[in-house]
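Read through the structure below, which is laid out as structure tokens, and then see the notes.
There are 2 protein chains.
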Amino acid sequence: MCRLVTSVRDRGNDSLAATNQRKMDSKDVKQDASCCSPVCVHNPHLDALKDDVLYHFSLGTGTHDLPAMFGDVKFVCVGGSPWRMKSFIEYIAAELSMEDPKAEYPNICAGTDRYAMYKVGPVLSVSHGMGIPSIAIMLHELIKLLHHAHCTDVTIIRIGTSGGIGLEPGTVVVTKQSVDATFQPKFEQVILGKTVVRNTDLDQSLAEELLQCSKELSQFETVIGNTMCTMDFYEGQARLDGAFCSYTEKDKQDYLSKAKEARVCNIEMESSVFAAMCKLSGLRAAVVCVTLLDRLKGDQLSSSHEVLHSYQQRPQILVGSYIKKQLKAKAAHK
Amino acid sequence: MCRLVTSVRDRGNDSLAATNQRKMDSKDVKQDASCCSPVCVHNPHLDALKDDVLYHFSLGTGTHDLPAMFGDVKFVCVGGSPWRMKSFIEYIAAELSMEDPKAEYPNICAGTDRYAMYKVGPVLSVSHGMGIPSIAIMLHELIKLLHHAHCTDVTIIRIGTSGGIGLEPGTVVVTKQSVDATFQPKFEQVILGKTVVRNTDLDQSLAEELLQCSKELSQFETVIGNTMCTMDFYEGQARLDGAFCSYTEKDKQDYLSKAKEARVCNIEMESSVFAAMCKLSGLRAAVVCVTLLDRLKGDQLSSSHEVLHSYQQRPQILVGSYIKKQLKAKAAHK
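As they're listed, the protein sequences go chains A and B.
Just so we're aligned, residue 1 is where the first sequence starts under UniProt numbering, counting upward by one.
Just so we're aligned, residue 1 is where the second sequence starts under UniProt numbering, counting upward by one.
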């Protein structure tokens, strides 16, 4: 099992990323060649913990047999809404012919209302709430959970909603690169009061495989492009319909046009920290979001409930199809 | 009804705050003297909207009679957990002798799983999820809701949980000032890709009244102090138990000691944007958080469910007592 121990003290650089790279060539990792691709934590202090309480999941190493519960997980899908993540597990169960018509899929995190978690076979579905801090708490505990459960070769995909830029509503965007509000591909993490810059690279081959899957499905438009990740839904995304707005329609259009020039196809609120944390922990990661509206044409989400609901199913359908294809290929390979 | 129209384009300064101050002396506001203290939006574009869809509440001006539903609201309590905000409305209903033993308190936002909202008499209880982006979306839509409902003289209190610094677990902290991870009393809002700095002042007289209330209750320790608001629960709060940690126990202790020197009593993840947005909209605001552990002594939330649950009731008890006292005083004044 891989644990990349870091003792480098943070001095404003991303010591974790640098240490990660150094350790990749070290004996520690070479000795771990037996496991194909583990889920890595980078925290020497975890060894000192008798039990590890995953507080926001209401799970823990002292109270739950995590390897027995999660050891077979190969795909993790995450999304903001707990309802959507429950609907995804029902959908994937049917797709994989693993549904139990008698069973309700129980919420594994029923002891808390912070996140919801469902599992069927090798697929885990977890909600993360809205915004970077909310998904970051979930990812810290998810990465530790997968590590404690000795999971290997895990693919993680965020299935979400977003505002599109110059795209027909309902278009699905597979993220090439997550960029910040100044269109830079970086995530700023504050540690001990100092800002550390982290890389937001996602797995390009996974993105291409997802695009290929969508072509084969041929049910809706899917594109690959950059995704802007913001800290706010209203002023942070140049919306004109928040409680506060100190800029004009022209200011908004100018800003979104600049985003478009930087190849931003859509805007959401979680992709940058998702990309950064998955990269640090060695998870193969993708972001697949449907656009609910074209932000060049408006700000309000005023489409009917039915239309918005059908759009939200598209990332589920695409990712469901991808997982099915992967499992089929793996079974054929055996 | 007050609407402080701003046409000043954002150029890196906090134009809203500046405009707010100027407009306070202007005719526009003087003409509004009939309303004691309205809930202010600062967005000239809202006039152009036929209907205003409050998407994350699943409410809207075109679909709901907001003045009839919310016009009598005088107290809004917000907190991260939907379960806790339901339990608060049940508690306050009993405290105010307004409970209906036959009634379940319905979730007013039942059409969405993003936030939960409950109401009894003049008290509204709303969940906000975890982190600055999540509470900011809720506050934009709450401020618009209160504005559309023509509410006046509204007091808003965040009742939350936090990590304490050098305090006995279970101590309640009423926030004097919300500070960032460098202990500065400011909130940075990114607008059109530029950073605008906003003030995080809270209502000092309200904080003192809450402290006085706690003295009268005499059930648990309550202090007034600064609250540090971070973007992350693990690395952002110098925890040693996240998936990633590149610093030592000594680094952590040094950082928390500096926080203590800056009079930080507790750490949470929402107070700065809460303070900033409430100030801009003219809401009388306070933050009341219980400390679940002493961060100088540990990081993990490993106390029993019962102990943590009893701690979490303390802000509810304090704020319940405050609301009851205010309503009694108002009734006596009539």
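Even glycine gets a Cβ: it sits at the ideal position worked out from N, Cα and C.
Predicted model only: the values in this text are computed from it and were never measured.
Buried is the label assigned to A:Val53, since at least 16 other Cβ atoms lie within 10 Å of its Cβ.
The beta-carbon distance between A:Val264 and A:Val179, rounded to whole angstroms, is 6 Å. This is short enough to meet the 8 Å contact definition. A Cβ-Cβ separation of about 6 Å places B:Gly80 in contact with B:Gly160 under the 8 Å criterion.
The secondary-structure analysis by DSSP pairs B:Ala286 across a beta bridge with B:Ile157. Nearest in C-alpha terms to B:Arg314, of all of B:Ala238, B:Gln219, B:Arg239, B:Glu306, is B:Gln219.
If you draw a straight line from the Cα of A:Glu270 to the Cα of B:Glu261, it comes to about 34 Å. In summary, the residues of the segment 232 to 258 of chain B whose CB is separated from some CB of chain A by less than 7 Å are Asp232, Phe233, Tyr234, Glu235, Gly236, Ala238, Leu240, Asp241, Gly242, Ala243, Phe244, Cys245, Ser246, Tyr247, Thr248, Asp251, Tyr255, in the order they occur in the chain. In terms of Cβ geometry, B:Leu210 and B:Thr222 form a close pair [threshold 9 Å].
At a cut-off of 9 Å, the C-beta of A:Gln177 has no neighbouring C-beta in chain B. Within the same chain, Tyr234, Glu235 come within 7 Å of A:Gly242 by CB-CB distance, once the 5 residues on both sides are set aside.
At a C-beta separation below 9 Å, A:Ser81 has these neighbours in chain B: Thr112, Asp113, Arg114.
Boundaries of the beta strand (DSSP E) harbouring B:Glu188: 186 to 191, taken from the DSSP string.
In chain A, no part has a C-beta under 9 Å from the C-beta of B:Lys279; the shortest such distance is about 11 Å.
For B:Ser205, the uninterrupted alpha helix (DSSP H) run begins and ends at 204 to 217, by DSSP.
By alpha-carbon distance to A:Leu256, the top candidate from A:Val173, A:Gly166, A:Ala68, A:Leu293 is A:Gly166. Selection B:Val39, B:Val41, B:His45, B:Ser37 evaluated against A:Thr248 yields B:His45 as nearest (Cα-Cα). When rounded, the separation of the alpha-carbon atoms in A:His140 and B:Asp299 is 14 Å. Unbroken beta strand (DSSP E) stretches of 3 residues or longer found wholly inside the segment 99 to 159 of chain A: 117 to 120, 123 to 127, given in chain order. Secondary structure of A:Ile89 (DSSP, three-state): helix.
Distance from the CA of A:Cys278 to the CA of A:Glu208, rounded to the nearest whole angstrom, comes to 18 Å. Beta bridge pairing from DSSP links B:Lys260 with no other residue.
Between A:Thr195 and A:Gln189, the C-beta gap is smaller than 9 Å, which places the two residues in contact. In the three-state scheme derived from DSSP, where H, G and I count as helix and E and B as strand, B:Asp251 is classed as helix. Under the three-state reduction of DSSP output, B:Phe233 falls in the coil class, being neither helix nor strand. Counting other Cβ atoms within 10 Å of its Cβ, B:Cys36 stays below 16 and is therefore classed as exposed. The segment 88 to 99 of chain B makes no contact with the segment 95 to 102 of chain A: fewer than 3 CB pairs, one atom from each, lie closer than 8 Å.
Interface with chain B (9 Å Cβ-Cβ cutoff): A:Gln189 is included.
Rounded to whole angstroms, the Cβ separation of B:Leu142 and B:Val76 is 7 Å, and the two are in contact under 8 Å. Restricting attention to alpha helix (DSSP H) runs no shorter than 4 residues, the segment 26 to 85 of chain A encloses them at 27 to 30, 66 to 70, ordered along the chain.
The shortest CA-to-CA distance from A:Leu206 to any of A:Arg158, A:Ile137, A:Asp294 is the one to A:Arg158. Interface criterion met: the Cβ of B:Phe183 is under 9 Å from a Cβ in chain A.
As summarised for the segment 293 to 328 of chain B, there are no continuous alpha helix (DSSP H) elements at least 4 residues long confined to that stretch. For B:Ala149, no Cβ of chain A is located within less than 9 Å of the residue's own Cβ. Annotated three-state conformation of A:Glu221 is coil, per DSSP. The shortest CA-to-CA distance from B:Thr152 to any of B:Val172, B:Gly121, B:Arg284 is the one to B:Arg284.
Chain-order list of chain B residues neighbouring A:Leu301: Val53, Tyr55, by C-beta distance under 8 Å.
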